[in-house]
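Asks: Take a look at this one; I'll ask things after.
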Amino acid sequence: MSVGAVPPGSLLELLQNRGYSGSDAIQNLLYPKLSDLKDPFLLKDLSLAVDRLERAFAAKEKICIYADFDLDGTSGLALMWTGLRQLGFETVLRYQPKRLSEGYGFHREAVEELHRQGVTLIVTVDVGITAHAACERAKEIGMDVVLTDHHLPSETLPPAYAVVNPNQGDDSSGLGYLCGAGVAFTLLRGLKKRFHEKGIAEALDLKALLDYFTIATLTDMVPLIDDNRVLVKHGLVVLAETQRPGLRALLDALELSGRPLTSQDVAIRFAPKLNALSRMENGVLPIDILLCEDRATARELMKVVLENNSTRVQLQADAEQKAMELLKDWTEQDFVFVASEHFHRGIVGLIATKLAQNFNRPAFVGSLDPQEGIIVGSARLPQGSDGCLVEALGAGASVLARFGGHSAAAGFEVHLPKVEALNSSLKGHFESLRRQPRPLEIKYDLEMSLRGLDATFMKWHDFMGPYGVGFEIPLFRFKDVQLRGVRTLKGGHLKLQISDLSGRSSVDALLFSPAARQVELVGGASAGSFEILGELQWNYYNGQKTMQILVRDLKVQAWQ
Numbered sequence: 001m002s003v004g005a006v007p008p009g010s011l012l013e014l015l016q017n018r019g020y021s022g023s024d025a026i027q028n029l030l031y032p033k034l035s036d037l038k039d040p041f042l043l044k045d046l047s048l049a050v051d052r053l054e055r056a057f058a059a060k061e062k063i064c065i066y067a068d069f070d071l072d073g074t075s076g077l078a079l080m081w082t083g084l085r086q087l088g089f090e091t092v093l094r095y096q097p098k099r100l101s102e103g104y105g106f107h108r109e110a111v112e113e114l115h116r117q118g119v120t121l122i123v124t125v126d127v128g129i130t131a132h133a134a135c136e137r138a139k140e141i142g143m144d145v146v147l148t149d150h151h152l153p154s155e156t157l158p159p160a161y162a163v164v165n166p167n168q169g170d171d172s173s174g175l176g177y178l179c180g181a182g183v184a185f186t187l188l189r190g191l192k193k194r195f196h197e198k199g200i201a202e203a204l205d206l207k208a209l210l211d212y213f214t215i216a217t218l219t220d221m222v223p224l225i226d227d228n229r230v231l232v233k234h235g236l237v238v239l240a241e242t243q244r245p246g247l248r249a250l251l252d253a254l255e256l257s258g259r260p261l262t263s264q265d266v267a268i269r270f271a272p273k274l275n276a277l278s279r280m281e282n283g284v285l286p287i288d289i290l291l292c293e294d295r296a297t298a299r300e301l302m303k304v305v306l307e308n309n310s311t312r313v314q315l316q317a318d319a320e321q322k323a324m325e326l327l328k329d330w331t332e333q334d335f336v337f338v339a340s341e342h343f344h345r346g347i348v349g350l351i352a353t354k355l356a357q358n359f360n361r362p363a364f365v366g367s368l369d370p371q372e373g374i375i376v377g378s379a380r381l382p383q384g385s386d387g388c389l390v391e392a393l394g395a396g397a398s399v400l401a402r403f404g405g406h407s408a409a410a411g412f413e414v415h416l417p418k419v420e421a422l423n424s425s426l427k428g429h430f431e432s433l434r435r436q437p438r439p440l441e442i443k444y445d446l447e448m449s450l451r452g453l454d455a456t457f458m459k460w461h462d463f464m465g466p467y468g469v470g471f472e473i474p475l476f477r478f479k480d481v482q483l484r485g486v487r488t489l490k491g492g493h494l495k496l497q498i499s500d501l502s503g504r505s506s507v508d509a510l511l512f513s514p515a516a517r518q519v520e521l522v523g524g525a526s527a528g529s530f531e532i533l534g535e536l537q538w539n540y541y542n543g544q545k546t547m548q549i550l551v552r553d554l555k556v557q558a559w560q
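When we follow the working numbering, the leftmost residue of the sequence shown carries the number 1, and every step to the right adds one.
Spelled out as structure tokens, the structure:
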């Protein structure tokens, strides 16, 4: 689009309904500029962190980047490792704890091992904000820790050399929406700026690192506002054009090459394949894909990626079915809690997401280890909820072995004898908020007719992205829709052929993982009209590109 152009009337109305009422606000949203990024040194302790890294560079110290095992941490690790090498740092090690055997966190034992390897400076990515023991041990043995994280801190901070976290209490940067890799990227921006000011030669290409930044930001479900929106808007282009062998091979394998990428492509199709590697731990990890430098190796790794994802999908489906069976007699109205030894530890977060969606309330799901007598779990909020899981778990801090995370996604560990006490504390917390589960209610952006869906509309719809948390993909209401045909796809999804009442405007629609009532409704809707709430997307199949509606809900009578 040419700079200054604005969307057609209905989409312009949508933006205005979302609060973008002025011309400047709309232009800034549609045409974000990298030059508008905030000064990285607004982050508390970033100057101190840059000072320490500059000193390590001058002294040729051995550095280790210690990152969380999720895709935010892994992308941040790839970003920071690549960036430091481009800046000229000579010895940069990498460390990630194993999800299943070591668990989440910045661990004291790892600090001691890195000390034995001669590391003098550890830079954490997406982890460490509650790691008092590890930071204290590092200090005892003469190691410095530059802690970068975005998770919510406890009342006191670990004794690190520098704590770079926009969500610590006295940080006034306004960058609290950054993910872990985003904080790491901001540190690299500050370091590049310092090197430039001091005339230190470097070859850091920050824009080229935006593929890693984009993967992390979209998978960690942080708000797509301000700097995040600017960087992801540009980063989707960088990722689509990437020549990194591992990322290129994955895009090819998923048939995402040769076309523009959307945030939904990354979050829904691309990222889960990488995440499955760390969840299953079968010898290949996401970092191996992100940093792969050889095309032949990348193609071999893709076989493992796709096989591993198939295993994860089956495990998840079985676990979700088991969870629903275990919860059939659940009576608590404010949350759900379920644990089983049949739940693979690497997929409890995925199960929690599904249960939160199905029950429309916070879901706590645990993997039970009878031998260790412990439950390792994840918690998720339903979409659109404004609660805080860290606060909910904090109400049971005295009975938990550990916990942490975000408002909408958190992790926890609890010993078996204390599960009942944890449930009691959760019940008390939610009762104290006097909150009842909300009725399943979906708010839409605009009412549309199928006649209004043309190439120009879709071109602007896509250009208005990226979509995500804080700027959700538009949801449209279509009335007076007729069902012309139904086809069941693999996995139980339904492909619908729909049209307006005249039959002159038709489009395909996808009903993904339909609920029983939706299957029943579609089966009996051959006559008469009904309404659809749905998102717009492109369907790429056999070299053809066609518009389709991703159905969020449908019913015969009108919504009240």
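Backbone N, C-alpha and C fix where the C-beta goes; we use that ideal spot for every residue, glycine too.
Relative to the C-alpha of R52, which residue among I122, H406 and M80 is closest?
Replies: I122
Asks: Between which residues of its own chain and L87 is the CB-CB distance below 6 Å, once the five residues before and five after are set aside?
Replies: E202 and L204
Asks: I'd like the ranges of any beta strand (DSSP E) spanning at least 3 consecutive residues and lying wholly in the segment 354-431.
Replies: The qualifying runs are 363-369, 374-380, 402-405 and 409-415.
Asks: So, with DSSP's three-state summary, where would you put D16?
Replies: The sequence given here places Gln at residue 16; Asp does not occur at that position. In this structure, Q16 counts as helix in the three-state DSSP scheme.
Asks: May I have the straight-line CA-CA distance separating G503 from F530, to the nearest angstrom?
Replies: 14 Å
Asks: What are the residues that DSSP puts in a beta bridge with V164?
Replies: Checking the DSSP bridge columns, you'll see V164 partnered with T148.
Asks: Figure out for me which residue from V390, F57 and A397 has the closest Cα to the Cα of A409.
Replies: Nearest in C-alpha terms to A409, of all of V390, F57 and A397, is V390.
Asks: Helix, strand or coil for G523? Go by DSSP, reduced to three states.
Replies: helix
Asks: Give me the residue from R295, P286, L291 and A317 with the minimum Cα distance to L306.
Replies: P286
Asks: With a threshold of 16 other CB atoms inside 10 Å of the CB of N17, please say whether the residue is buried or exposed.
Replies: exposed
Asks: Tell me which residues share the same chain as A276 and place their Cβ nearer than 6 Å to its Cβ, disregarding the 5 neighbours each side in the sequence.
Replies: The residues are N308, N309 and R312.
Asks: In the DSSP output, which residue or residues are listed as bridge partners for Y540?
Replies: Partner residues in the beta bridge of Y540, as assigned by DSSP, are K545.
Asks: Using 10 angstroms around the beta-carbon of D329, count the other beta-carbons present and answer buried if the total reaches 16, otherwise exposed.
Replies: exposed
Asks: Is there a Cβ of chain C sitting closer than 8 Å to that of D329, yes or no?
Replies: No chain C is present in this structure, which holds just one protein chain.
Asks: Could you tell me whether the segment 357-373 touches the segment 334-346, where touching means 3 or more Cβ pairs closer than 8 Å?
Replies: yes
Asks: Pull up the distance between the alpha-carbon of L77 and that of L450, whole angstroms please.
Replies: 45 Å
Asks: In angstroms with no decimal places, state the Cα-to-Cα distance between L261 and K322.
Replies: 35 Å
Asks: Indicate the three-state DSSP secondary structure (helix, strand or coil) for A138 in the structure shown.
Replies: Of the three classes helix, strand and coil, the one that applies to A138 here is helix, per DSSP.
Asks: Can you name, in chain order, every residue of its own chain whose Cβ lies under 6 Å from the Cβ of F457, other than the five neighbours on each side?
Replies: none
Asks: Count the other CB atoms within 10 Å of the CB of S432; is the residue buried (16 or more) or exposed (fewer)?
Replies: Per the 10 Å Cβ criterion, exposed.
Asks: Take every Cβ of the segment 87-100, pair it with every Cβ of the segment 108-123, and state whether three or more of those distances are shorter than 8 Å.
Replies: yes
Asks: Should Y541 go down as buried or exposed, given a rule of 16 or more other Cβ atoms within 10 Å for buried?
Replies: Label assigned to Y541: exposed.
Asks: Leaving out five residues on either side along the sequence, give the residues of the same chain with a beta carbon under 7 Å from the beta carbon of L350.
Replies: Q316
Asks: For V556, does the count of other Cβ atoms within 10 angstroms reach 16, so buried, or fall short, so exposed?
Replies: exposed
Asks: Please name the residue, chosen from E420, L426 and V419, that lies closest to F395 on a Cα-to-Cα basis.
Replies: A small fix is needed here, since residue 395 is Ala in this sequence, not Phe. The shortest Cα separation from A395 among E420, L426 and V419 belongs to L426.
Asks: Using a threshold of 8 Å, state whether the C-beta atoms of I532 and L550 are closer than that.
Replies: no
Asks: Express the C-alpha separation of Y31 and E102 in angstroms, rounding to a whole number.
Replies: 44 Å
Asks: For K192 and S47, I'd like the C-alpha separation in whole angstroms.
Replies: 12 Å
Asks: Where does L533 fall in DSSP's three states?
Replies: Three-state result, L533: strand.
Asks: Between the Cα of T562 and the Cα atoms of V183, L247, K198 and Q243, which residue gives the shortest distance?
Replies: In this structure the chain extends from 1 to 560, so residue 562 is not present and cannot be described.
Asks: Name the two residues that bound the continuous beta strand (DSSP E) containing L483.
Replies: F476 to T488
Asks: Between which two residues does the alpha helix (DSSP H) holding E447 run?
Replies: From DSSP, E447 is part of no alpha helix (DSSP H) but of the beta strand (DSSP E) over L446 to M448.
Asks: With DSSP run on the structure shown, which of helix, strand or coil describes Q27?
Replies: DSSP places Q27 in helix when its eight states are reduced to three.
Asks: Would you check if the distance between the CB atom of E332 and the CB atom of V376 is smaller than 8 Å?
Replies: no
Asks: Return the chain-ordered list of same chain residues with a C-beta closer than 7 Å to the C-beta of R85, the five sequence neighbours on each side being excluded.
Replies: V92
Asks: Which residues share a DSSP beta bridge with C64?
Replies: L93 and I122
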